[in-house]
Each structure stands twice: as C-alpha cells, then as structure tokens.
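Chemist: I'd like to ask some things about the structure below.
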C-alpha cells in the first residue's frame, strides 16, 4: 500500500508524518509520532481509551484515519499541560490502574469546553462513551463537577 506525507496539527504544532491511507490516527499518534498517551483498548470504538480531541470534540482515534485529521486541530493528553480536569482527577481519586484515564480526561475536557454549564444528565451521557473496569464513575463525575464549580478538585 502506498504511503504519503501529510501535515497534522498535533497539540498546536505542525507535524509532517508519512502514513498509508488506512493508518488510523491512533496508530499514527503512537507509532509514528511517539505520543503514547492515547491507549489502544478495544480498537473498535467501544472503550474510549484512545480518545483525543479533534477541533474541540472528543474523537476515538482508533476510528479516525490519520488522513481525516489533516487540516484539523488534534489535542492529545500530552498537550493538555495541567488542565483543571487533570488536577480534579488527582484530587478526586478518579482513576485506579490509569489505562483508561487519558481517554476519560480528554472526553471530560471536551465536555467542560462544550458544555460549561453541564447538568447531571449531560455529564452521565458524555461519560457513557468511555469504559473503566477498575473504579466507579462516581469519582470521575465528582471531578467534572468540581471543575464546573470552579474548584479544580476537592469536594
């Protein structure tokens, strides 16, 4: 299969990368760009471990081709740099093993940006797109709500 060079805007930086048309964004981020924060889980869009933000919206990078990301702004967990939701996850103990955490954080970051006055129903709906097998979702909901209240964690 033929390869070509594309330019991706990753975490605010233009990056040239050689991809095949069939390469997923997840594969490209991890294997070609060394950004391993997005995790391969189910590889079919069910678990959300690979979630990144594309133009401010959560996207499961295992379902998006790298060529589809050209001309868009992609934010990975490596690009967040101490966002309030990251602090809240720590303060609310919203993780255990941590494998799903980057995907959850990226999803919650987009939720907070897209719905700064999110109600309980909206929060629950957004959290349904990610799966955690280690902890309950209560701590994750508390982390989101603490940022909505402007506290960056702590109840």
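Residue numbers (my numbering): 515 to 669. Built from N, CA and C at the ideal position, the CB exists for glycine as well. Bear in mind that the values here come from a model prediction, so they are computed numbers and not experimental data.
#1: When you compare the CB positions of residue 564 and residue 645, do they come within less than 7 Å of one another, or not?
#2: Nearest to residue 525 by CA position, among 543, 652, 658, is which residue?
#3: Under 6 Å from any heavy atom of the ligand ZN, does the C-beta of residue 659 make it?
#4: Straight-line CA distance for residue 523 to residue 635?
#5: Check the DSSP bridge columns for residue 568 and list the partner residues they point to.
#6: Could you tell me which residues DSSP puts in a beta bridge with residue 520?
#7: Should the segment 532-540 be regarded as contacting the segment 591-609, the criterion being three or more beta carbon pairs within less than 8 Å?
#8: Taking one C-beta from the segment 584-599 and one from the segment 640-654 each time, how about it: are there three or more such pairs within less than 8 Å?
#9: Would you report the Cα separation of residue 520 and residue 585, rounded to the nearest angstrom?
Modeler: The short version:
#1: The Cβ atoms of residue 564 and residue 645 lie no closer than 7 Å to each other.
#2: With distances taken between Cα atoms, residue 525 lies closest to 543.
#3: This structure lacks the ligand ZN; in fact it carries no ligand of any kind.
#4: The straight-line gap from Cα to Cα measures roughly 33 Å.
#5: Residue 568 pairs with 571, 588.
#6: Note: residue 520 sits in a beta bridge opposite 531.
#7: With the cut-off at 8 Å, the segment 532-540 and the segment 591-609 do not touch.
#8: Between the segment 584-599 and the segment 640-654 there are fewer than three inter-stretch CB-CB distances shorter than 8 Å, so the stretches are not counted as touching.
#9: Rounded to whole angstroms, residue 520 to residue 585 spans 10 Å at the Cα level.
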